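The UniProt record's numbering applies: residue 1 is where the sequence shown begins, and numbers increase by one. Note that beta-carbon positions come from the ideal geometry of N, C-alpha and C, so glycine has one too. Because the structure is a prediction, the values reported are computed rather than measured.
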Amino acid sequence: MNILIVLAHPERKSFNGALVDTAKGTLERAGHEVQIDDLYAENFDPVERAEWYANHNNNEYFAALTEQSNHFKAKQLPEDVNREISRLDWADLVIFQFPLWWHAQPAILKGWFDRVLVYGGLYSGRMRYDHGYFRGKKAMCSVTTGSPAQTFMPFGRAGNMVEWLWPFHSSLNYIGFNVLPPNVSYGVQAGGIQYQEKAAFEAHLETQKTDWASRLRDIEQETPIPFTGWSDWNEDGVLRHDHPMRWRP
Ligand SMILES: Cc1cc2nc3c(=O)[nH]c(=O)nc-3n(C[C@H](O)[C@H](O)[C@H](O)COP(=O)(O)O)c2cc1C
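Spelled out as structure tokens, the structure:
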């Protein structure tokens, strides 16, 4: 497979960076092609704004969706957006590597979605969900957290990882990806609140790397998270009344 790793971390020598190196080595040894897309190293500007669009058709009012669509059709998207789209076109699997920051992805990666996933090009009214541009391709998150694993358990103070990643996973599903279950490395708290002695912490990090590598060796066999699709919904976009997933008629 062609595998793109999108890294959203300001420090390449961080644990997130180390997980990228683990992934690249493991996947290449298994015969895959790997490209790293390091958003901070490339100085990716994540803020969507009018100035990106050379020929915007209304100087009084900036409509992001209109400009994205018009500039896609005219082949006038910003160079960095075109570069990111080519990388996505190349990939069979996209891995997003990032630390959990305020219960979500870092802003650089949120803005990457805002700018790169252009309306009228990578999605439209009918080209969404299981009819999406990226159908047939896979994507997944590899996330690190500061809080330890037990605090993410039911009733734990750190909250629910399924809920924190729901917007990210929904967006990937929206543009057609099959979404693999995330890889979560919990309790990676270098420089902040400490939960372990140094030696135990270092051993913990090594285990996280080993677990990630062993999961990646068989990544091609993994089953995606199930989502509903067009054939499951009625004309209002709601789960059909006779659908087996409904808990009441
Ligand atoms: C701005 C910021 C926000 C953070 N928010 C969270 C959070 O919501 N939950 C959490 O468990 N850890 C949080 N952390 C801790 C990071 O997830 C943790 O430092 C990171 O996963 C460690 O990986 P690294 O050593 O590669 O940076 C936050 C850290 C920063 C800098």
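Within 7 angstroms: the Cβ of S147 and any heavy atom of ligand 1?
yes
Reducing DSSP to helix, strand and coil, say where E33 ends up.
strand
Rounded to whole angstroms, what's the CA-CA distance from V143 to G121? Just pull it up for me.
28 angstroms
When you compare the CB positions of L180 and P224, do they come within less than 8 angstroms of one another, or not?
yes
May I ask you to check if the CB of V188 is nearer than 7 angstroms to at least one heavy atom of ligand 1?
yes
Have a look at E11, G125 and A64 and flag the residue whose alpha-carbon is nearest the alpha-carbon of E116.
Reading the sequence as shown, one finds Val at residue 116 and not Glu. V116 has its Cα closest to that of A64, out of E11, G125 and A64.
Cα-Cα separation, V94 to E79:
20 angstroms
Endpoints, the beta strand (DSSP E) within which F98 is located
L93 to P99
Starting from M153 and walking both ways along the beta strand (DSSP E), at which residues does that stretch end?
First-last for M153: undefined, no H or E at that position.
Let me make sure I understand the geometry here. Which of E220, A203, S69 and P244 has the alpha-carbon closest to that of S124?
S69
If we require 3 or more residues per run, which beta strand (DSSP E) segments fall completely within the region 72 to 129?
93 to 99
Fully enclosed by the region 10 to 63, which beta strand (DSSP E) runs are 3 residues long or longer?
33 to 38
Go ahead and pull the three-state DSSP assignment for N173.
helix
Closest by C-alpha distance to K75, when choosing among Y53, L100 and E60
Y53
Entirely enclosed alpha helix (DSSP H) segments - the region 155 to 220, minimum 4 residues:
161 to 174 and 198 to 217
Coarse secondary structure for N70, derived from DSSP in three states:
helix
Euclidean distance between Cα positions of T228 and A200
42 angstroms
Since L205 contacts F15 with CB under 8 angstroms, what's their CB separation in whole angstroms?
6 angstroms
Extent of the continuous beta strand (DSSP E) to which N234 belongs
Neither: N234 is in no beta strand (DSSP E) and is coded neither H nor E.
Just to confirm, are N178 and K138 a CB contact at a threshold of 8 angstroms?
yes
Beta carbon of H32: closer than 7 angstroms to some heavy atom of ligand 1?
no
Label T145 either buried or exposed according to how many other C-beta atoms from any shown protein chain fall within 10 Å of its C-beta, with 16 as the threshold for buried.
buried
Measure the C-alpha to C-alpha separation of P148 and R217 and round it to an integer number of angstroms.
25 angstroms
Applying the criterion that 16 or more other CB atoms from any shown protein chain within 10 Å of the CB defines a buried residue, is Q105 buried or exposed?
buried
Less than 8 angstroms separating the beta-carbons of G159 and F152?
yes
Cα-Cα, which of F98, F155, M140 and F62 is closest to F3?
Phe is not the amino acid found at residue 3; the sequence shown has Ile there. Cα-wise, what sits closest to I3 is M140.
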